[in-house]
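Asks:
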Amino acid sequence: MAAIESFDNIYLDLSKESGKSRFAENGLGWKPAGGGEAFTLDSSNIGGAQWSRAARGYEVKILLRSSGVVQLDGFHQEDYERLSKIFKNWYSVNLENKEHSLRGWNWGKAEFSKAELTFNVQNRPAFEIPYSEISNTNLAGRNEIAVEFAGNDGGKSNGHSGTGGKGKKASAGKDQLVEVRFYIPGTTTRKEAEGGEAGSDADEEEKNAVTLFYDTLIEKAEIGETAGDTIATFLDVLHLTPRGRFDIDMYDASFRLRGKTYDYKIQYDAIKKFMVLPKPDDLHFLLCIGLDPPLRQGQTRYPFVVMQFKADEEVTLDLNITEEELNGKYKDKLQSHYEQPLHQVVAYIFKGLANKKVTTPAKDFTTHRQQYGIKCSIKASEGFLYCLEKAFMFVPKPATYISYEQTQSITFSRVGGAVSALSTFDITVHMKNGAGSSQFSNINREDLKALEEFFKLKGLRVKNEIDDDTNLISAALGDDDMASSDEEAVGPKADRGSADEDEESVDEDFQAESESDVAEEYDSNHESDGSGSEESDVDNRVDDEDEDMDDDEGEKRPKKKKKTA
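Taking full-length UniProt numbering, the leading residue of the sequence shown gets 1, the next gets one more, and so forth.
(1) Where does I4 fall in DSSP's three states?
(2) For I321 and A450, I'd like the C-alpha separation in whole angstroms.
(3) Excluding five sequence neighbours on each side, which residues of the same chain lie with their C-beta closer than 8 Å to the C-beta of I271?
(4) Taking 6 Å as the limit between beta carbons, can you name the residues of its chain near K273, skipping five residues before and five after?
(5) Under three-state DSSP, which class holds G352?
(6) Using the Cα positions of L41 and S135, report the straight-line distance between them to the nearest angstrom.
(7) Please classify Q77 as buried or exposed, where buried requires at least 16 neighbouring CB atoms within 10 angstroms.
(8) Hey, would you say G27 sits closer than 8 Å to S43, going by beta carbons?
(9) Between which two residues does the alpha helix (DSSP H) holding A311 run?
(10) Candidates P242, F440, A209: which alpha carbon is nearest R142's?
(11) So, do the region 66-84 and the region 117-127 have three or more beta carbon pairs nearer to each other than 8 Å?
(12) If we call anything under 8 Å between Cβ atoms a contact, is F392 one with I466?
(13) Considering just the uninterrupted stretch of the alpha helix (DSSP H) at W90, what are its terminal residues?
(14) Near P185, what residues of its chain come up, given a Cβ to Cβ distance below 6 Å and the 5 sequence neighbours on each side ignored?
(15) Could you tell me which residues DSSP pairs with Y386 in its beta bridges?
(16) Relative to the C-alpha of L238, which candidate in T211, D13, F285 has its C-alpha closest?
(17) Return the residue from the list D447, F425, G434 that minimises the CA-CA distance to Q408.
(18) For S423, which of helix, strand or coil comes out of DSSP?
(19) Along the chain, which unbroken stretches of the beta strand (DSSP E) at least 3 residues long are found entirely within the region 257-301?
(20) Checking 8 Å against the spacing of the C-beta atoms, do T137 and I266 come in under that value?
(21) Is it the case that the Cβ atoms of T400 and I374 are separated by a distance below 8 Å?
(22) Pull up the distance between the alpha-carbon of F304 and that of S336, whole angstroms please.
(23) Could you give the distance in angstroms between the alpha-carbon of I427 and the alpha-carbon of Y262?
(24) Which class does A450 belong to by DSSP, given the choice of helix, strand or coil?
(25) Taking the beta strand (DSSP E) that I46 belongs to, which residues open and close that run?
(26) Please confirm whether L277 and V395 have their CB atoms less than 8 Å apart.
(27) Roughly how many angstroms separate the alpha carbons of E219 and R258, rounded to a whole number?
(28) Are the CB atoms of I402 and V462 within a distance shorter than 8 Å?
(29) Ordered along the chain, which non-local residues of its own chain (more than five positions away) have a Cβ less than 8 Å from that of S52?
(30) Between Q308 and the rest of its own chain, which residues show a CB-CB distance below 7 Å, the 5 nearest in sequence each way excluded?
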């Protein structure tokens, strides 16, 4: 065999661009075609190799002795014999031909190997998940578990995961899988879960299968406690976003939120903002942590984590760090002992471990009650708006951060037709470059002047539609008053059509009678002597009525009114 074997158009760990792969007796290497960082692997670290169909043709999966996986994709079918000789002669490893299951079933058996989680269907692998790609796992239901994958890194990687960070393979693609859920019913033992024979140890206690899967995956993927010793722990901390109570475990490079249902592991590098905000009730403080990538809970993303602490809650805490670390790595950042309000201690430790600046509300603005938070709402969600030195911040949900640099203009307006329109107003923040707008509603009218002065102090463009409306109303009322005064001076009344005509004209033909027709009828009846029978009385009344009607028609019918021009 030649001293070096080369293959072109090979992709390393789902990398975006292809490269050249070279095999030699002392190891192998890969270099991207467009230039960049090369990858090398020593032959002593090769523990096994598998050949199978893949996305870009055929793939060689190399199992490392250090519990890692390297994937080389893009080979042709005729390369199998050549590669098989390379691995057997140079690395003393058989290139195993492995066929995947193509049935498309979504039920099977999950097995934990040294470097990856394999989902088998009828004893053939349907798919594999390297432990290096798993960032977190949660019990999502009674018999359901969610496995989350590490987020992308902006496409800066060629795709190789190496020995360090997670998620380099997934981040190489344009689209990426972020979560897989498994439904695992029933009970099992740990030996069965790891591929042992069922019933081999009768004394072993059976456990809930999903719980055992969860515990095994945390151990294999090095999630949680295996990240190192905890520096500090805070128990049962109330979180407003995401809602619930979580224990906070703080490590050297990450912190963990442990809840009854969900469990999150967050790297300090993901923290982009850290804010301490006093609540307007003067009883609580809010700690707001901005994350990128955001926290995920199923399909919901949380770019901010909002915690709430009581203002008067004190704590005494000793950090679990050595004197060497305190005087070296954490010098002037952390103290070995804290005895202060709880929200201050949490803020100081986050600041020291994450090396992030703590942001507080701007001193140039306070409400009419001398507080920093403005009570308002976004649509139907009530919360508090804070004016920081460089941005707006609305908490708790939906947590919204708007930088002053991204703000085009701010509009003050009144809610049209609302009952409380005189006592409240709205703020609409328009973003630059047509990025949309955000509206904060139902703000107390007494805070209008202070907000307007603060925005002008920050150099923001402000349009006050409330004053414009007031001026228009005043002008309209002023015009009405002038018109009414002119009418009183000149004297003519407004034209009301036929209403005035009916009111002023008099019907001269109408002659009022002192007694009604009905009275006359009764008078004539009253003058009868009453000696006749009832029938004669009735006849007399009828005759009298006829005579009266003739008289009315001849004498009392009014003439038709003639109108003159």
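We treat Cβ as the ideally placed atom computed from N, Cα and C, and that holds for glycine.
All values reported here derive from a predicted model rather than from experimental measurement.
Replies: The structure says:
(1) strand
(2) 47 Å
(3) I289, G290, L291, F350, A354, K356
(4) G290
(5) helix
(6) 25 Å
(7) exposed
(8) yes
(9) Looking at the DSSP string, A311 is not in any alpha helix (DSSP H), and its letter there is neither H nor E.
(10) A209
(11) no
(12) no
(13) 80-90
(14) N143
(15) G373, M393
(16) F285
(17) G434
(18) coil
(19) 263-267, 271-278, 284-297
(20) no
(21) no
(22) 29 Å
(23) 36 Å
(24) helix
(25) 46-54
(26) yes
(27) 16 Å
(28) no
(29) Y58, E59, K61, N97, K98, E99, H100
(30) L238, L240, H284, L286
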